[in-house]
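If you read the sequences in order, they're chains A and B.
So in numbering that gives the first Met the number 0, spot 81 of the first sequence is number 80, and the numbers just go up one at a time.
So in numbering that gives the first Met the number 0, spot 231 of the second sequence is number 230, and the numbers just go up one at a time.
Glycine included, each C-beta is placed from N, C-alpha and C at the ideal position.
Report on one structure; see the data block that follows.
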Amino acid sequence: MNEGSNGNKELTMIVGVIFLKIELKVNGKLRRAEVEASERLIDLLRQKLGLVSVKEGCGAGECGACTVLMDGEAVCSCVVPAFQTDGHDILTVDGLEENGELDVIQQSFIDCDAVQCGFCTPGMIMSAKALLIKNPSPSREEIRTALAGNICRCTGYTQIINAVETAAERIGECRR
Amino acid sequence: MKGLFAPQSIKEFLALLAECGKNEKHLIAGGTDWLIKTRGNLSEEAVLFDLSKMPELRGIENKESFLRLGSMETMTSIHSSGVIRLHATALSDAAASMGSVQIRNRATVGGNLANASPAADTPSALAVLGASAVVFSLSGRRVLSVEEVLGPCPNKNTLSDSDIIMEFCIPLRKEYVSAFKKIGSRSEVSIARVNMAVSARYEDGNFSDARVFIGTLGSAAKRCPSAETALSMETSLREQSFKDALCEFAGQMIPGRSTLPYKKSALMALAEDLLEMLEERGRASEKSGEKSHG
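Below, the structure written as structure tokens:
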């Protein structure tokens, strides 16, 4: 168990700390990074890849501010070990905009006044994204369940649920 | 930290384990509890094993007399499985009520048991269903009931850091119904203040051969034999006897603790809800003729 290849993970020793080389897709682009074993996905995204849209609230998987999608599923990036994202696909709110146009969920959040201080917004939008990928026409109850892991201390949730409902309606209109 | 391995099979895991000797070992499943516990502080001697690359630890299969459940299956895969909902309903309830969507997508059933939190949700459901865990270590394969894994001490279980849970086997018992429910501080995303799982044979409105496990009374799942007896009583006495037995048991488990009055009233509320769920499920399975361990 010396440093170097151990058959699975390539390890590099930098000033006494072992780093692991990983390769992952972030917002559609292939990225390579060296991460520490106990590094969290949120640290990799914010500090190494500069994606500061990913917010840290509780750091314990309870507030949902750091929600990103991993292979299309919502996860709290503060409780995902960075090394476990090797070979996986990560999507943050930065990756939603296409050709200068906001995603329908982002636009609906603006139109429905679902943003106040904005700290919870990226996480809320990513939880909504994961829901609408799987279920494009959710009930209000299904929206509530999907967003139950995201805490907002400003809006009281009504506008946020309205925004997700509006986004779902707009997706439905586009399909018709 | 000394090294990180991502074995692809139990065989490879055991070979790597043999190389580690007495070094401190961390087995990492979904990582949701591990990252919070370690907070970046790993000893120089620590050796990490990433269990996410082992296909043997995955899968949900109906094997006729039992269900096979891979230890790395997530809460999301468990509560969205039709087989689990039909044959191990209490586990489906527990997986669906654990954490948030984000946590359920990562947290695993093996990790939930191995982490030994007294507020864990799936251990009481697994125990009530009579599940056993298939565990591998350098000394070979052994099969332990979930109760044996849980052990008597709070915040720890009987597994060592060299034991890996490969899978769970849940017996399929016809004419049985089961349910799990918890009470926590938030409506959906919460750590249980009290949780309870119940299974019983159901026939014409009567219960027999019941199993009752309560979580959070100092450990992840404590069996409550007096509540099991109460469930077999005639319908007019059943509910009150069940509640009385639960309250008395809580008093024995956590005597004098400030949360005891709260836990007693929470247990009584859970008792009412669980009885309703069990009766409803019993009637539904009798009606459909598809009686199965649920």
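Residues of its chain near residue i, where Cβ-Cβ distance is below 6 angstroms and the 5 sequence neighbours each way are ignored
i: B/D160; result: K24
i: B/F212; result: S123, A126, V127, A196, A220, R222
i: B/D162; result: V134, S136
i: B/A5; result: D49, K52
i: A/V79; result: L40
i: B/P170; result: F65, G129
i: B/W33; result: I27
i: B/L13; result: none
i: B/M276; result: A178
Other residues of its chain near residue i: CB distance less than 7 angstroms, five sequence neighbours each side excluded
i: A/K54; result: A64, C65, F118, P121, G122
i: B/S42; result: E23
i: A/C75; result: G60, G63, C65, T66
i: B/L269; result: K180, I182, V193, M195
i: B/A28; result: L50, M71, T107, G109, G110
i: B/R280; result: T88, V176, A178, G293
i: B/L16; result: L137, S161
i: A/A167; result: L131, P135, S136, P137
Test: residue i CB closer than 8 angstroms to a CB of chain A
i: B/L137; result: no
i: B/T294; result: Residue numbering for chain B in the displayed model covers 0 to 293; residue 294 of chain B lies beyond these limits and cannot be assessed.
i: B/G69; result: no
i: B/I164; result: no
i: B/I253; result: no
i: B/T31; result: yes
i: B/E278; result: no
i: B/A3; result: For clarity, residue 3 of chain B is Leu in the given sequence; the question names Ala instead. Closer than 8 angstroms: yes.
i: B/L26; result: no
i: B/L34; result: yes
i: B/L13; result: no
i: B/L16; result: no
i: B/L245; result: no
i: B/L85; result: no
i: B/L41; result: yes
i: B/K290; result: Its pLDDT being 48, under 50, B/K290 is placed unreliably in this model, and the coordinates cannot settle the point.
Of the listed residues the options, nearest to residue i (C-alpha basis)
i: A/M69; options: A/E61, A/G58, A/A81; result: A/A81
i: B/E247; options: B/F135, B/T258, B/H78, B/C223; result: B/C223
i: A/V51; options: A/R152, A/V114, A/T91; result: A/T91
i: B/Q239; options: B/V100, B/L3, B/E271; result: B/E271
i: B/K155; options: B/V133, B/P122, B/I83, B/L137; result: B/P122
i: B/S51; options: A/M125, A/I150, A/T84, A/V103; result: A/T84
i: B/G2; options: B/C19, B/G250, B/A14; result: B/C19
i: B/S64; options: B/V148, B/I102, B/C168; result: B/C168
i: A/A145; options: A/R152, A/A32, A/E72, A/V79; result: A/E72
i: B/I83; options: B/L47, B/A130, B/L26; result: B/A130
i: B/K10; options: B/D32, B/E55, B/D208; result: B/E55
i: A/T157; options: A/D88, A/C111, A/A32, A/Q106; result: A/C111
i: B/I35; options: A/K47, A/T154, A/C77; result: A/C77
i: B/D203; options: B/M97, B/G81, B/E278, B/N104; result: B/E278
Short CB-CB distance (under 8 angstroms) between residue i and chain B
i: A/L43; result: no
i: A/V126; result: It should be pointed out that residue 126 of chain A corresponds to Ser in this sequence rather than to Val. A/S126 counts as touching chain B.
i: A/N134; result: no
i: A/S37; result: yes
i: A/G56; result: no
i: A/A162; result: no
i: A/A167; result: no
i: A/L131; result: no
i: A/L19; result: yes
i: A/A59; result: yes
i: A/G155; result: no
i: A/T66; result: yes
i: A/G63; result: yes
i: A/M123; result: no
Cβ shell of residue i (< 8 angstroms), same chain only, five flanking positions each side left out
i: A/R139; result: I160, E164
i: A/N5; result: The pLDDT assigned to A/N5 is 45, lower than 50, so where the model puts this residue is not dependable; a value taken from the coordinates is nonetheless given after this. Nothing listed; no residue qualifies.
i: A/S126; result: G63, T66, A73, A145, L146, G148, N149
i: B/S215; result: Residue identity differs from the one stated: residue 215 of chain B is Thr in this sequence, not Ser. P117, A118, A191, R192, V193, N194, K262.
i: B/L158; result: A113, V134, V148, I164
Residue i CB to nearest heavy atom of the ligand COA below 7 angstroms
i: B/D208; result: Ligands are entirely absent from the displayed structure, and the ligand COA is therefore not among its contents.
Below-8 angstroms beta-carbon distance, residue i vs any chain E residue
i: A/S126; result: Judged by its chain identifiers, the structure shown contains no chain E, and its protein chains are A and B.
message: Along the stretch 80–106 of chain A, where does the CB come closer than 9 angstroms to a CB of chain B? Name the residues.
response: Cβ proximity to chain B below 9 angstroms picks out P80, F82, Q83, D85 from the stretch 80–106 of chain A.
- request: Taking a Cβ distance cut-off of 7 angstroms, strictly less, list which residues of the stretch 69–80 of chain A are near chain B, in chain order.
  value: If the cut-off is 7 angstroms between Cβ atoms, the stretch 69–80 of chain A has E72, A73, V74, C75, V78, V79, P80 near chain B.
field: Contact set between the stretch 91–117 of chain B and chain A, restricted to residues whose Cβ is under 8 angstroms from the partner
entry: Going along the stretch 91–117 of chain B in chain order, one finds G98, S99, V100, Q101, I102, N104, R105 with a Cβ nearer than 8 angstroms to chain A.
- prompt: Do the stretch 132–149 of chain B and the stretch 232–244 of chain B meet, that is, are 3 or more Cβ pairs less than 8 angstroms apart?
  reply: Contact fails: fewer than three Cβ-Cβ distances are below 8 angstroms.
- request: Give the residues from the stretch 138–151 of chain A that approach chain B closer than 7 angstroms (Cβ to any Cβ), ordered along the chain.
  value: The residues in question are T144, A145, A147, G148.
query: Going along the chain, which residues of the stretch 47–61 of chain B sit with their C-beta nearer than 9 angstroms to a C-beta in chain A?
result: The stretch 47–61 of chain B vs chain A, Cβ under 9 angstroms: L47, D49, S51, K52.
message: With a threshold of 8 angstroms, are at least 3 pairs of Cβ atoms found where one atom belongs to the stretch 195–204 of chain B and the other to the stretch 167–183 of chain B?
response: Yes: the two stretches touch, three or more of their Cβ pairs being nearer than 8 angstroms.
message: Between the stretch 33–51 of chain A and the stretch 64–83 of chain B, can you find at least three pairs of beta-carbon atoms closer than 8 angstroms?
response: The stretch 64–83 of chain B makes no contact with the stretch 33–51 of chain A: fewer than 3 CB pairs, one atom from each, lie closer than 8 angstroms.
Chain A contacts from the stretch 170–185 of chain B (Cβ-Cβ distance under 7 angstroms): Those would be none; no residue qualifies.
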